Every structure is written in C-alpha cells, then in structure tokens.
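Working notes for the structure below.
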Amino acid sequence: MHVSNLAVQGSSRIVQTSLDGFGYSMGRSLYRHKGDVLLIVVAGALCAGAVVLPFMAGHRIVRWSPTGKMKAFFRTVWWLLLATLGAGLFLGLSFIVFYLINKGYVQESELVRASVASAIPWTLWCSALAMIAGLMRGLFDRRQRKRAHSILLHNQAFLDAQGIRDMGGKSVTHVDGAGNKLTLDHIGEEIIEFTVPGSSRKRAYIHIGPDGRFESYTGLVEA
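Following the working numbering, the numbering of the sequence shown begins with 1004 at its first residue and continues without gaps.
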C-alpha cells in the first residue's frame, strides 16, 4: 500500500522511534612505551566494535520491519556477519600480538601480556552479553513498531476512504473526495487543520484519536 505524506505526518507522534547509541571514552595513559599504549588503544577500539556490532545485530534482527521474508532473511544474515566481524577483528588482533611478541617485534610488558591473555574470554563474554542486550531491546521495540505500522496503515486507509489525496503544491496541498481544494495548515496531537485557498472562513478538519488513528473528517465547515 502506498503511504502518503499526510498519513506519515499525522501519525508521527506515535510512529516515531528512537535508536540508542553508545559512547566510549578512554583516558590518557601515563605509560612510557608509546608502542604498547597505541596497541592498547587500537585493541580498545576493536573491543568497542566487538560490543557495538553484536548489540546492533541483536536489535535489528529481532525488531520488526514491514518487509518481505526474503529481504528479512538477507538482513538477518547481514547483521550476523557484522556481529561475527566485530568479535573476529578483536580476536584476530590478539593472535597477531601473540605472533609479534614471539618474534620480538613488540616489547613485552605486563600491560600487553595482561591485555592479550584476557582478550579471548572478555571478547566472547562481551559480545554475547551485547547480543543478548540487543535482542531484549529489539523485542521491546518490536511491539511498538508493529503498533506504529498498524496505525499508519489505518490512517492511509482512512484518507483513501475520504478521497483525500496529496497534490504536492504550495497553495493546494490536498484535495478531498468532494473535490475541495485544501491547504494543510496545522498538524496537532488531536486535529489536522486545512484551510481553503481564497477563503478565510472555511476550514476542514481531521480528528485524531488518543492512539494516533484518524477518526473523522469534517469536510468544509465555517470557521
């Protein structure tokens, strides 16, 4: 079903969703060996990816979207690959550090040894916990997104039943089923108001219910 701009704008109070983000910060290091510090900084950035990507994957896989099964399947595969990539990059760095230490290219220190030794278990645990957190958040969003989509489809069906169509103009933004030319004036939480080009006294209103669904259309009335 084609969804008009009016249906989206009128439903925006209910339809709008938010995505949480994560911020990460690292303090200054006072260690003498800059090479070791740089290594830890890079490892920390990859560790952040090992957490963020699984969280996003869990969230995007579970939350609902009005798409076909094939598209949903490929989207799921895509996010699983990104989640695996996040953990894989950090684990790959750990093995590279092991190799460089054994070859003597990286100066071995207590900081590096501790970081490398704990890399694998911490990455796996953090990735798993992030994935679970993302799944939980996705389940929470799933119900809201389904409800929002249901309201959007209802509002579009209401507009179709009333014959209200988007015209895309500036002075005439819509036309109703009776052929009345309308100009969208205001969208509120309870009402959508239209004016009539060339008339200062005539108005038309769409009443919005508490759940965001369009309930009635007045047609042209005297203001």
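Cβ atoms here follow ideal geometry from the backbone N, Cα and C, with glycine treated the same way.
All values derive from a computational prediction rather than experimental measurement.
| Own chain partners of Pro1200 with C-beta closer than 7 Å, once the 5 adjacent residues on each side are dropped | Your numbering for residue 1200 matches position 197 in the sequence shown. Only Ser1174, Val1175, Lys1184 and Thr1186 meet the Cβ criterion.
| request: Could you name the residues that DSSP lists as bridge partners for Phe1077? | output: Along the sequence shown, read from residue 1 onward, the residue named residue 1077 stands at position 74. In the DSSP output, where bridge partners are listed per residue, Phe1077 has none listed.
| said: Can you give me the C-alpha to C-alpha distance between Ser1203 and Gly1222, rounded to a whole angstrom? | reply: As a first step, residue 1203 must be located in the sequence shown, where it is residue number 200. As a first step, residue 1222 must be located in the sequence shown, where it is residue number 219. When rounded, the distance between both Cα atoms is 15 Å.
| query | Taking the DSSP output, what are the residues bridged to Leu1185? | reply | Residue 1185 sits at position 182 when you count from the first residue of the sequence shown. Paired residue(s): His1177.
| task | My understanding is that Ser1007 touches Asp1188, with C-beta atoms under 8 Å, so please give their C-beta distance in whole angstroms. | result | Here residue 1007 refers to the residue found at position 4 of the sequence shown. Here residue 1188 refers to the residue found at position 185 of the sequence shown. In fact, because the Cβ distance is near 17 Å, the residues do not count as touching under 8 Å.
| said: Measuring only the C-alpha atoms, how far is Trp1081 from Ala1090? | reply: Stepping through the sequence shown from its first residue, residue 1081 is reached at position 78. Stepping through the sequence shown from its first residue, residue 1090 is reached at position 87. Answer to the nearest angstrom: the Cα atoms are 15 Å apart.
| query | Expressed to the nearest angstrom, what Euclidean distance is found between the alpha-carbon atoms of Trp1067 and Phe1197? | reply | Walking along the sequence shown from the start, residue 1067 turns up at place 64. Walking along the sequence shown from the start, residue 1197 turns up at place 194. Their Cα atoms are separated by approximately 34 Å.
| Exposed unless 16 or more other CB atoms sit within 10 angstroms - verdict on Ile1194 | Looking up residue 1194 in the sequence shown gives position 191. Result: exposed.
| Close-in-space but distant-in-sequence residues of the same chain around Leu1083 (CB under 8 Å, 5 per side omitted) | Mapped onto the sequence shown, residue 1083 falls at position 80. Same-chain partners within the cutoff: Ala1060 and Ile1064.
| Expected contact under 8 Å - CB spacing of Gly1180 and Ile1167 to nearest Å | In the sequence shown, counting from the first residue as 1, residue 1180 sits at position 177. In the sequence shown, counting from the first residue as 1, residue 1167 sits at position 164. Indeed they touch by this definition, with Cβ atoms about 7 Å apart.
| message | Our contact map puts Gly1137 next to Phe1058 with C-beta atoms below 8 Å; I'd like the distance itself, whole angstroms only. | response | For the purposes of this step, residue 1137 is taken as the residue at position 134 of the sequence shown. For the purposes of this step, residue 1058 is taken as the residue at position 55 of the sequence shown. Taking a contact as a CB-CB distance under 8 Å, the pair Gly1137 and Phe1058 counts as one, their CB atoms being some 4 Å apart.
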